[in-house]
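Student: Numbering (the working numbering), first residue to last: 14 to 107. For every residue, glycine included, the Cβ atom is placed at its ideal position computed from N, Cα and C. My structure is below; once you've seen it, I'll send some questions.
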C-alpha cells in the first residue's frame with residue numbers, strides 16, 4: 014500500500030500567470046498604477062509607453078521566476094549553527 018506525504022508548503026510553489034505570488038502582486042501594483050496614469054493622461058505616447066512598460070515588466074518577472082539564482086548572492090543560512098567559537102579547523106571528511 015502506498016503512503017503519501019502531506020505537502021504543507023504548497024504556497025511556496027503557488028503560481029499565477031507563471032509568476033510566484035509576490036511577483037504577481039508586484040505586477041498587479043504596476044498594472045493599477047498604469048491604469049491610473051492612463052486615466053489621468055491625455056497623451057497617446059504615454060498610453061503606449063505604459064503598455065510597453067507592463068509587457069517588459071512581465072517578461073522580466075517571468076525570467077526572474079524561472080531563474081532565481083540571478084539575485085541570490087550568498088546562502089540564506091550557514092551550514093552549521095553553533096554557539097562554539099569557530100577555530101577554523103574542519104574535522105569532517107569530504
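1) Measuring CA to CA, which of 51, 60, 41 is closest to residue 70?
2) Going by the beta-carbon positions, is the gap between residue 32 and residue 74 smaller than 7 Å?
3) Could you pull the DSSP bridge partners for residue 113 from this structure?
4) If we ignore side chains and look at the alpha-carbon of each, how far apart do residue 68 and residue 28 end up?
5) Enumerate in chain order the residues of its own chain whose CB-to-CB distance from residue 51 is below 8 Å, with the five nearest sequence positions on each side excluded.
Tutor: On the basis of the coordinates in this document:
1) In terms of CA proximity to residue 70, 41 leads the group 51, 60, 41.
2) yes
3) In the structure as shown, the chain starts at 14 and stops at 107, and residue 113 therefore has no counterpart that could be examined.
4) 18 Å
5) 59, 60, 63
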